[in-house]
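*Asks:* For reference, the structure I am asking about is given below.
In our numbering, the protein residues as written are 7 to 248.
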């Protein structure tokens, strides 16, 4: 598989802390995965009367069928090699947790600015030397009104400046992450089924309420890093902190 990212794409990741990788699989594969997710949550795309909760959580059941095609995509693997370094990231067998966000419902109280927790063994900590990066995978069309994840472009540098060398508790630093990154421009994780966003572990981002008409399906998955992130490393991950 040829490298999917151009030099300009890698420079954008270094600057902004994220990059979009379109079409890791053909659209019909992501559509098939979404059909399975509808059945898992017991709701119908054709019956909005059942859409009564702002967010319904589900998950990739076992990495089978279309889910296996997505997480095992050679195009995705080649993109992660370019961002994190070949052989440095941990391969996953499922796409992880999937929040399904429904339209025109009240805020669920989960729309604050944050970075994701470190990967196991201690999920309550955040650190510059992170153990994981974040993968956002779209299973539905996501336009500006469809609750796209909000991203503060370049905020990974603000997070790095705030945190010291040691792991710290997220609860103590959460509000400060919002404060130090407020000056950053906001961009949105829009796209088509089968598109993926590869995000720096220190990137400040947030959910938002859904103002559109069709539910949004998106998975969020930590991809483990071994060794841990080092700001001095010669990868786009490291360069994004310098």
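Just so it is clear, CB atoms sit at the ideal spot from N, CA and C, and this is done for glycine as well.
How long is the line joining the alpha carbons of residue 47 and residue 108, rounded to whole angstroms?
*Replies:* Residue mapping note: residue 47 aligns to position 41 of the chain shown, counting from 1. Residue mapping note: residue 108 aligns to position 102 of the chain shown, counting from 1. So the alpha carbons of these two residues sit roughly 12 Å apart.
*Asks:* Give the single residue among 106, 20, 44 and 196 whose Cα lies nearest to the Cα of residue 88.
*Replies:* Within the chain shown, numbered from 1, the residue matching residue 88 stands at position 82. Here the closest residue by C-alpha is 20.
*Asks:* Can you name, in chain order, every residue of its own chain whose Cβ lies under 8 Å from the Cβ of residue 62, other than the five neighbours on each side?
*Replies:* Position 56 of the chain shown holds residue 62. These residues qualify, in order along the chain: 47, 49, 105, 106 and 108.
*Asks:* Cα separation between residue 36 and residue 30?
*Replies:* As a first step, residue 36 is located in the chain shown; it is residue number 30 there, counting from the start. As a first step, residue 30 is located in the chain shown; it is residue number 24 there, counting from the start. Computed Cα separation, rounded: 9 Å.
*Asks:* DSSP three-state label for residue 57, please.
*Replies:* Position 51 of the chain shown holds residue 57. Correct three-state label for residue 57: coil.
*Asks:* Does the pairing of the stretch 67 to 86 with the stretch 108 to 119 give three or more beta-carbon distances under 8 Å?
*Replies:* no
*Asks:* Kindly indicate which three-state DSSP category residue 94 falls into: helix, strand or coil?
*Replies:* The residue given as residue 94 occupies position 88 in the chain shown. Reduced to three states, the DSSP call for residue 94 is coil.
*Asks:* Please work out which residues of its chain come closer than 6 Å, Cβ to Cβ, to residue 169, disregarding the five sequence neighbours upstream and downstream, and give them in chain order.
*Replies:* Within the chain shown, numbered from 1, the residue matching residue 169 stands at position 163. Closer than 6 Å at Cβ, skipping near neighbours: 134.
*Asks:* Which runs of the alpha helix (DSSP H) at least 4 residues long sit entirely within the stretch 131 to 217? Give them in chain order.
*Replies:* As far as the stretch 131 to 217 is concerned, its whole alpha helix (DSSP H) runs of at least 4 residues are 161 to 168 and 176 to 186.
*Asks:* Contact between the stretch 201 to 219 and the stretch 13 to 27 is defined here as three or more beta-carbon pairs at a separation below 8 Å; is this criterion met?
*Replies:* yes
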